[in-house]
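Colleague: Protein chains in written order, with this note's numbering: chain A, 4 to 132; chain B, 4 to 132.
2 protein chains.
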Amino acid sequence: MTRARTDEIPHATAAGVAVGRGRHGRGVFATRRFAEGESVEVCPTLQVPDSDVSGTLGDYVFGSFDDGDVVLLLGFGMLYNHSPSPNLEYFQDDPEMITFVATRAIKRGEELTIDYGAEWWEQRGLEPD
Amino acid sequence: MTRARTDEIPHATAAGVAVGRGRHGRGVFATRRFAEGESVEVCPTLQVPDSDVSGTLGDYVFGSFDDGDVVLLLGFGMLYNHSPSPNLEYFQDDPEMITFVATRAIKRGEELTIDYGAEWWEQRGLEPD
Chain A
4 MTRARTDEIP HATAAGVAVG RGRHGRGVFA TRRFAEGESV EVCPTLQVPD
54 SDVSGTLGDY VFGSFDDGDV VLLLGFGMLY NHSPSPNLEY FQDDPEMITF
104 VATRAIKRGE ELTIDYGAEW WEQRGLEPD
Chain B
4 MTRARTDEIP HATAAGVAVG RGRHGRGVFA TRRFAEGESV EVCPTLQVPD
54 SDVSGTLGDY VFGSFDDGDV VLLLGFGMLY NHSPSPNLEY FQDDPEMITF
104 VATRAIKRGE ELTIDYGAEW WEQRGLEPD
């Protein structure tokens, strides 16, 4: 049995998010209020060569700082829907995690969204909705 | 803005797990005690054709009930390490989620483990450790 002191665990997840159904199918929702600037979720990353991913799965993965790689997000990071006025932004401040932060006050029950970026839609010949 | 009543959110995650470092590198650890039979984490699934996944990523995905598909687990489901005496078992009681349940009492700080199954090791020419 491997034990770790929980105060040494670096990737603790914020306990304020849950997956549910919204206007765009599955999405992630706040289960409590968040203040502007507050960390909403810390997602462990799984960085793999982009050749490991194809088809539909390519719609879920994030770009990597390393050429030729893509990043899968664990936690709920791959389930955030796009919004033109998102309430989250995200930072990769560590190779093994991406942090999602509230860009404004968020109410309990509100869907949590990010901006996929113009390139995501252009590559797919789609218009953001 | 899409709102959902949080009591309607089906995939609420258990707030008692965190990612950390153990004997096998990254793993998932209990941040509170769990009783035998208690749900430890409910992981949303992402089912894709197995042709969407290759290389190292294939080590992380789960089998699907549907031939030709594999299942990625969100939340921390893909980060549980193997143990010959695991403290979790898992059930897919819904196409969109897999539930990890404690097979015995688990202490705060203990690493959470599953049994990958003999086939997983055989396919890779490895011995479980």
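Glycine residues also receive a C-beta, built at the ideal position from the N, C-alpha and C atoms.
Can you list the residues of chain B that A:G78 reaches, using a CB-CB cut of under 8 Å?
Modeller: The contacting residues are L77, G78 and F79.
Colleague: Run through the DSSP bridge pairs and tell me what A:N84 is partnered with.
Modeller: Paired residue(s): A:T116.
Colleague: In three-state DSSP terms, what is B:T59?
Modeller: Correct three-state label for B:T59: helix.
Colleague: By the criterion of Cβ-Cβ separation under 7 Å, what are the contact partners of B:V74 in chain A?
Modeller: Near B:V74 there are no residues of chain A at all, since even the closest Cβ is about 12 Å away, more than 7 Å.
Colleague: Under 8 Å between the Cβ atoms of A:H116 and A:L75?
Modeller: Note that residue 116 of chain A is Thr in the sequence shown here, rather than His. No, the pair does not count as a contact, with Cβ atoms beyond the cut-off.
Colleague: Got a sec: is the Cβ-Cβ distance from A:V56 to anything in chain B below 8 Å?
Modeller: Judged by the 8 Å Cβ criterion, A:V56 is in contact with chain B.
Colleague: For the structure I just gave you, are there three or more beta carbon pairs, one from the stretch 47-65 of chain B and one from the stretch 118-132 of chain A, closer than 8 Å?
Modeller: No: fewer than three Cβ pairs fall under 8 Å.
Colleague: Check the Cβ of A:V104 against every Cβ in chain B and list those closer than 9 Å, keeping chain order.
Modeller: Here the premise fails: no neighbours, minimum Cβ distance about 18 Å.
Colleague: DSSP has B:D97 in a bridge; who is on the other side?
Modeller: Its beta-bridge partners are B:M100.
Colleague: Answer yes or no: do A:M81 and B:L77 have a C-beta to C-beta separation smaller than 8 Å?
Modeller: In contact: A:M81 and B:L77 (Cβ atoms closer than 8 Å).
Colleague: Quick one: what's got a C-beta closer than 8 Å to B:G66's C-beta in the same chain, skipping five residues either side?
Modeller: For B:G66, where only same-chain residues beyond five positions count, the Cβ hits under 8 Å are V73 and V74.
Colleague: Between B:L129 and A:E41, what straight-line distance do the alpha-carbon atoms span, to the nearest angstrom?
Modeller: So the alpha carbons of these two residues sit roughly 44 Å apart.
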